[in-house]
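Contents: one structure, followed by commentary.
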Amino acid sequence: MFEWNAEYVDEIVKEAVEKVFDVESWGKDEHSEMWVFEGRFRIHPVNAANYLQNTFEPLKFFVAIKKLKDGKFKIVILKQRPVPKTKIGIHLLLLFATLITTFFWGATYEIGDFPKTFSEFLQGYKFALPLLLILGSHELGHFFVSRHHGVDATLPYFIPFPFNMIGTLGAFIKIRSPIPSRNVLIDIGAAGPIAGIIVAIPLTIIGLKTSEVVSIESAKGSIWLGEPLLFKLLSTVVIGGKLLTEGLTLKLSATAFAGWVGMFVTALNLIPVGQLDGGHISYAILGENAHKLSKIMVLLLIVLGFKWMGWLFWAILLLVLGVSHPAPMNDILPVDNKRKFIAFVSLLIFVLTFIPQPISFVGQ
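In C-alpha cells form, the structure reads like this:
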C-alpha cells in the first residue's frame, strides 16, 4: 500500500518534519493522504511533538507519534477528513423514546403497579427526570470537553429499553476524530463521571429525604440494592437521628432510586477496561501496560459473577468489545500533574460508587 519513494512525499510535509526529525525512511499512502516517517528526533521528543502539532493542526492534519522498540520513532501525518454532521432529529427521537420508557418504569416503581392512566404514567417523573439528568450530564461532560480540545464528538444518544426495571440502557456519544494526547484522553474520560456524580449527589440527597425507614421483615420479597460507599455516606447524613439499626432498612423513593442507578452507571463506566471511561484514564496513566489491568479487572468481574450474575454478563461483554485501548495520536507527551490529580479523583469516584453485589433479595 505504501510507496517507499521520496517522489510520492509532499515536500512541504517532508521539510516540516525534517526540521526536528532525522528521517531514515518515509512513505506516502496516496489514497488517504497519509505520510509515514521513521527515524530519530533532533531535539527533545516533547518539544518536537509540540512543534509538529502547532505546524500541522492549522493545516487540518493529524499528527501521530509513536516510540518504536529500537529507540526510533514513527511519525504519521494524516489529512483530516470532513466528518458528516449527525442530524439532531435522531438524538431528539431517542431522548423522547427514553423519556417514555423511563416514565413508565418510574411510575411502576412509584405506584407499585403498571400505570393504567396518563395521570399515573406522569408519576414517573420522580424517577425519569432525575435519571436522565444524571445520564445526560455524564454524556454532555464528555461532549463539551471533547469539543474544547478540538475532538469531534456527537451529541448524546439515549438508549430506550422497555424490558428492564429502569427503562434505559444508558446513553453514549460517538467520538469521530482521534484523541490528540494522554492529557486529553484523561480530560475526556473523566469529564463524564465527574459531571454525572456532581449532579447525582444533590438528587440523591433530595430523594433520600423522601425515602422511608422500614423493617426488613416488612420488606421481605423486595429487591435489595447494595449500597455503594457514597450512597451509604449520604443516607447516613440525611437520615440523621434515624440511623439505620439492625432489623431496619431504607425503602428508597423513586428519586433516590434514580440516584442509586446514576452511581451504579458511573461505576460501570469507570471500570478500567478497554474503551470505557476508566479504560481511557488507565491507558493515559499506564500506557500499553493498561491492558494487563484490563485483564485483571475482567477476571475480578468473573469472580464477582458468583455473587451477582450481572457481573459475569458484563465480563463477557467487555471481552467481546475488547480489553485493549488504542493509543492517542501523540503518545509520547507525558501526563501532567493536573491530569494525574483528575485521574486520582476518578479513581476515588470509582471506589465510592462501585457495588460488589448490586442486586439481591431480602433474606439472601
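First residue of the sequence shown: 14, per the numbering used here; consecutive thereafter. Even for Gly, the Cβ is constructed at its ideal location relative to N, Cα and C. Here the structure is a predicted model, which means the values were calculated and not measured.
Exposed unless 16 or more other CB atoms sit within 10 angstroms - verdict on residue i
i: Lys-80; result: exposed
i: Arg-55; result: exposed
i: Ile-362; result: buried
i: Val-227; result: exposed
i: Val-26; result: buried
i: His-57; result: exposed
i: Ser-231; result: exposed
i: Arg-94; result: exposed
i: Ala-19; result: With a pLDDT of 45 at Ala-19, under the threshold of 50, the modelled position of this residue cannot be trusted, and the question is left open.
i: Pro-241; result: buried
i: Ile-101; result: exposed
i: Val-2; result: With the chain covering only 14 through 377, there is no way to say anything about residue 2.
i: Leu-247; result: buried
i: Asp-35; result: exposed
i: Asp-290; result: buried
i: His-44; result: exposed
i: Glu-152; result: buried
i: Ile-103; result: exposed
i: Asn-343; result: buried
i: Leu-112; result: buried
Per DSSP, the bridge partner or partners of residue i
i: Tyr-64; result: None, per the DSSP bridge assignment.
i: Gly-40; result: Val-49
i: Thr-262; result: Val-227
i: Asn-343; result: Ile-78, Ser-194
i: Ser-373; result: Trp-237
i: Thr-181; result: Pro-173
i: Ala-166; result: Ile-188
i: Phe-54; result: Phe-34
Min CB distance residue i to chain D below 7 Å
i: Gly-335; result: The structure shown contains no chain D, having only a single protein chain.
Contact set for residue i: own chain, Cβ-Cβ below 7 Å, skip 5 residues either direction
i: Gln-288; result: His-338
i: Lys-222; result: Val-251
i: Ile-236; result: Ile-372, Phe-374
i: Val-336; result: Val-286, Gly-287, His-304, Ser-307, Lys-308, Val-311
i: Tyr-122; result: Phe-140, Ala-267, Phe-270
i: Asp-110; result: The identity of residue 110 in the sequence shown is Ala, whereas the question assumes Asp. The answer, listed in chain order, is Pro-173.
Contacting residues, own chain, Cβ-Cβ under 8 Å from residue i (five flanking each side not counted)
i: Pro-371; result: Leu-238, Gly-239, Phe-277, Trp-321, Gly-323
i: Val-348; result: Arg-195, Asn-196, Ile-199, Ala-297, Ile-298, Ala-356
i: Phe-15; result: Unreliable positioning characterises Phe-15 in this predicted model, as indicated by a pLDDT of 45, which lies under 50. The coordinate reading is nonetheless provided below. If we look at Phe-15 and ignore the five residues flanking it on each side, its Cβ neighbours are Gly-40, Lys-41, Asp-42, Val-49.
i: Ile-211; result: Ser-150
i: Leu-332; result: Val-311
i: Ile-124; result: Glu-133, Gln-136
Delimiting residues of the beta strand (DSSP E) encompassing residue i
i: Ile-186; result: Looking at the DSSP string, Ile-186 is not in any beta strand (DSSP E), and its letter there is neither H nor E.
i: Val-89; result: 86-92
i: Leu-238; result: 236-238
i: Phe-134; result: Run containing Phe-134: none in the beta strand (DSSP E); it sits in the alpha helix (DSSP H), 131-135.
i: Pro-173; result: 170-173
Cutoff 6 Å; reference residue i; Cβ partners in own chain excluding five residues on either side
i: Pro-175; result: Thr-114
i: Leu-91; result: Met-47, Phe-75
i: Ile-147; result: Gly-209, Val-212, Ala-213, Gly-275
i: Ala-279; result: As written in the sequence, residue 279 is Thr, which differs from the Ala given in the question. Pro-206, Gly-209, Ile-210, Thr-366.
i: Thr-68; result: Ala-29
i: Leu-107; result: Tyr-170, Phe-171
Residue i - containing alpha helix (DSSP H), residue span
i: Thr-99; result: Segment: none, Thr-99 is in no alpha helix (DSSP H) and carries neither H nor E.
i: Val-358; result: 350-366
i: His-293; result: 290-299
i: Glu-152; result: 138-161
i: Trp-327; result: 322-334
i: Phe-244; result: 242-252
How do the region 50-61 and the region 310-330 stand: do at least 3 beta-carbon pairs fall below 8 Å, yes or no? no
Is the region 129-143 in contact with the region 154-168, if contact means three or more CB pairs nearer than 8 Å? Taking a cut-off of 8 Å on C-beta distances, the region 129-143 does not touch the region 154-168, as fewer than three cross pairs fall below it.
How do the region 172-181 and the region 114-122 stand: do at least 3 beta-carbon pairs fall below 8 Å, yes or no? yes
For the region 326-335 against the region 199-216, do three or more pairs of beta-carbon atoms, one drawn from each stretch, fall closer than 8 Å, so that the two count as touching? no
Count the C-beta pairs between the region 214-227 and the region 263-282 that are closer than 8 Å, then say yes if the count reaches three, no if not. The answer is yes - the region 263-282 touches the region 214-227, with three or more Cβ pairs under 8 Å.
Do the region 162-169 and the region 242-255 make contact, defined as three or more Cβ pairs closer than 8 Å? The region 162-169, when compared against the region 242-255, does not touch it at the 8 Å Cβ threshold.
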